[in-house]
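These notes are about the structure you will find just below.
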Amino acid sequence: MGKRAVALAGFALLLLLPAVVVNPYARHVVITALLFGFAALGLNVVFGYAGQHAFGHPVLFGVGAYASAILSMSAGWPVPAAVVAGALLTMLVAAAVGYPCFRLRGIYFGVATFAFARVIYIVAQNWIGLTRGPMGIPGIARFELLPAGWGLGLGADVQLHGLLVALLALTLILLGRVIASPTGRAWIAIREHENLAASVGIHPLRYKMAAFAGGGLLAGLGGALYAHYIGFVSPTELGFHYIGIVFILVIGGGTGTLVGPLIGALVFGVLPEVLRVAETARNILLGGILLLSIAFLPEGLVGLWDRARRRLSRAGGDPDTAAPARSPVDRRHQPEGRAAHAPPAARGREEILDVRGVTKRFGGLTVLHDVSFTVGRGDIVGLIGPNGAGKTTLFNIVTGFLRPTAGEIRVHGQRATGASPARIARMGLTRTFQITSLFPELSVEDNVRIATHGWAQRNLVGALARSRSFRAREREIQHAVDDALELTRLTAERCTQARALSYGAQRGLEMAVALATRSRLLLLDEPAAGLNPEESGRLRELILALRRGGVTVLVIEHDMRLVMGLCDRIVVLNYGEKIAEGPPQQIVGDPQVIEAYLGASSGAASHA
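Here the sequence shown stands for residues 22 to 629, where the numbers follow the working numbering.
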């Protein structure tokens, strides 16, 4: 049975549950679990998919509850309008909280979001004129889907149950489409390797903000409906134990999976009621349950199900369901043909990259001093020098990961000095890294697909509606992925996890990622490091093929055989200064270069 059939069967059972569960308390527990499912799905967007440790995010469930309650009770709004407005207001609060917090990274970001959660709790406790303080807001109007007399004999709880199942089903459909779009791929890329994501044109802050606000919308919707179901809201809904409950639902169900948090909500949904009777010890119990979930369910319930399916499929000889890669990216768009390669660009002295007087100091240490050179269209330029000469620092400045102390960078004639890595990537410049940099937990194919972000359609409405233009662009993306894999000889490894590849294949995958960006200028940082002679030969053929396709290359490399046989021009750095520039024949005989780098014997053909 496929995943789609299982999901349909599950929602059908949920929809029919009120006909089976007649006990009012049991029905109450199920409805509460479904309401917390919205908070879990919202947290999963920012924590599971975007990989941000937003410890305070679940407090937005309580923000939605308060917002809707105040609008309906104090402002007299109709309940449906108050619910919608409460969810939207929560999204705005999430954006306002997220923007300053995302200036931080890692644990500091998590602590900052938790601090904001405590601030919101304190405001609710003390702004008595608006929130009634510790006493809470009682008597909140119930949410009724159908007017009185139109209920067809269905009670308010049964109507709400049906509405929640329908809303959750719609949420999962739309969320699945977002995850399978460039937006979802950007979240996953940021989770796996933020710097690499930026280097292929993904703006980390923008997409982290979208995840935080989108997750806030879902949490706020759940909280608003919760307030109108329970009929009462207090600062308790903003407390630590509610935050912990939502994390348990996500981790226990399956972080970074589509249905895992909802399954977690249904399985662990009894927790809010159990912990309600353990008032004095509930925080201790909550911490223990959270630790047990992390220790014994690291992949969640969905992970257990997937492992069981893989074992059964291997036993039954079905390899298709046993693919090892963690690959949440949609693969339904199959190629319908080959995308045409761009025609070779005419070589000339049109300057693609212009480095002007670049200086970089770290405190009192000058790493680069007044370095200038240009790279013309269609050129292959080598950047060589001893270790510590400043080559990678220069790459980091050109690609926006460092700001120069002085000097200017221009890419395709546009000023790029101080621009973000994502903006520079969108200007048509892509780099590889000295240390192999991939999205390690994703498949080879998904690594390359993410790299298409800079030119992929990023219309979220089109992705949600699966518009004709969106489907056409996804087919074009698939063609580009296939071409990059074929050119780097990785087609047979497309479903393999990136970290499971050999070192040489990982270097090849880096090249495939760079190719998929469709950049016209590639900066390669020691691409032949660790490669055997056969792999180095294939790398040389690939770079020459790229040049024939109109791509310009600037390469840092220590393999002098490769450099001398490949490059049109070579720039030599030593102690942060340019000491020579010219064709290979000139560089190999330059006394300064021989003394600083090649050695007195001028072993230019040796592996330096």
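Note that the Cβ used here is the ideal one computed from N, Cα and C, for glycine as well.
Quick caveat, the model's predicted, so the values are computed rather than measured.
1) Roughly how many whole angstroms lie between the Cα atoms of Gly558 and Gln73?
2) Between the stretch 550-564 and the stretch 588-597, do three or more beta carbon pairs fall short of 8 angstroms?
3) Taking C-beta to C-beta, are Ala537 and Ala446 nearer than 9 angstroms?
4) CA-CA distance, Gln436 and Thr380?
5) With a 10 Å radius around its C-beta and 16 neighbouring C-beta atoms as the bar for buried, classify Ser490 as buried or exposed.
6) Suppose you measure from the CA of Val267 to the CA of Ile211; what does that come to, to the nearest Å?
7) Along the chain, where does the beta strand (DSSP E) containing Glu598 start, and where does it finish?
8) May I ask you to report which of helix, strand or coil DSSP gives Ala102?
9) Kindly list the residues whose CB is nearer than 7 angstroms to the CB of Asp341, restricted to its own chain and excluding five residues on each side of it in sequence; keep chain order.
10) Any contact of the stretch 242-261 with the stretch 114-133, i.e. 3+ C-beta pairs under 8 angstroms?
11) May I ask you to report which of helix, strand or coil DSSP gives Asp580?
12) Quick one: residues in its chain with C-beta nearer than 8 angstroms to the C-beta of Pro356, no 5 flanking neighbours on either side, listed in chain order?
13) Measuring alpha carbon to alpha carbon, tell me which residue in Leu583, Val609 and Arg582 is nearest Val593.
14) Pull up the distance between the alpha-carbon of Arg520 and that of Gln527, whole angstroms please.
15) Considering only residues of the stretch 152-205, which uninterrupted beta strand (DSSP E) runs meet the minimum length of 3 residues and lie entirely inside it, listed in chain order?
16) Rounded to whole angstroms, what's the CA-CA distance from Leu389 to Val84? Just pull it up for me.
17) Can you give me the C-alpha to C-alpha distance between Ala219 and Ala96, rounded to a whole angstrom?
18) I'd like the list of long-range same chain contacts for Val323, defined as Cβ closer than 6 angstroms, with 5 residues on each side in sequence excluded.
19) Ends of the alpha helix (DSSP H) at Val592?
20) Please report the straight-line C-alpha distance between Gly636 and Glu616, rounded to a whole angstrom.
21) Per DSSP, which residues does Ala427 bridge with? Please list them.
22) Got a sec, what are the start and stop residues for the beta strand (DSSP E) Val280 sits in?
23) Report the three-state DSSP secondary structure of Leu38 (helix, strand or coil).
24) Roughly how many angstroms lie between the CA atoms of Gly235 and Glu213, to the nearest whole one?
25) Tell me the rounded alpha-carbon separation between Asn192 and Leu38.
26) Starting from the C-beta of Tyr228, find all residues in its chain whose C-beta is less than 8 angstroms away, skip the five residues before and the five after it, and write them out in chain order.
27) May I ask you to list the residues that DSSP assigns as paired with Asp546?
28) Take the Cβ of Glu507 as the centre, count every other Cβ of all protein chains shown within 10 Å, and call the residue buried at 16 or more, exposed below.
29) Taking 9 angstroms as the cut-off, decide whether the C-beta atoms of Arg11 and Ile401 are in contact.
30) Look at the Cβ atom of Arg444, then the Cβ atom of Gly411, and state whether they are nearer than 9 angstroms.
31) Please look up how many angstroms separate the CB atoms of Thr517 and Ser464, rounded, as I've assumed it's under 8 angstroms.
32) Quick check on DSSP: helix, strand or coil for Glu462?
33) Can you find the residues in the same chain that come closer than 6 angstroms, C-beta to C-beta, to Phe233, ignoring five residues on each side of it along the sequence?
34) Please report the distance separating the alpha-carbon of Glu320 from that of Gly107.
35) If I follow the unbroken alpha helix (DSSP H) through Asp503, where does it start and stop?
36) Check whether the Cβ atoms of Arg382 and Ser393 lie closer than 9 angstroms to each other.
By the coordinates alone:
1) 41 angstroms
2) no
3) no
4) One point to set straight first is that residue 436 is Arg, not Gln, in the sequence displayed. Distance between the alpha carbons of Arg436 and Thr380 is about 16 angstroms.
5) exposed
6) 23 angstroms
7) Glu598 to Gly603
8) helix
9) Confidence at Asp341 is low in this model, with a pLDDT of 46, below 50, so its placement is unreliable and the value that follows should be read with caution. Closer than 7 angstroms at the Cβ level, and outside the excluded window around Asp341, lies no residue.
10) no
11) strand
12) Low confidence applies here, because Pro356 scores a pLDDT of 33, under 50, leaving its location unreliable; read the following figure in that light. These residues qualify, in order along the chain: Arg496, Gln499, His500 and Asp503.
13) Val609
14) 8 angstroms
15) none
16) 51 angstroms
17) 45 angstroms
18) Gly275, Thr278 and Gly281
19) Where Val592 is concerned, there is no enclosing alpha helix (DSSP H), although the beta strand (DSSP E) it sits in stretches over Arg590 to Asn595.
20) Because residue 636 is not part of the residues shown, which for the chain are 22 to 629, the question remains open.
21) Thr380
22) First-last for Val280: undefined, no H or E at that position.
23) helix
24) 20 angstroms
25) Here residue 192 turns out to be Thr, not Asn, going by the sequence shown. Cα to Cα, Thr192 sits roughly 20 angstroms from Leu38.
26) Ala71, Thr204, Ala207, Trp208 and Ile211
27) Ile577
28) exposed
29) In the structure as shown, the chain starts at 22 and stops at 629, and residue 11 therefore has no counterpart that could be examined.
30) no
31) 6 angstroms
32) coil
33) Val67, Ala115 and Gly119
34) 33 angstroms
35) Arg489 to Leu508
36) no
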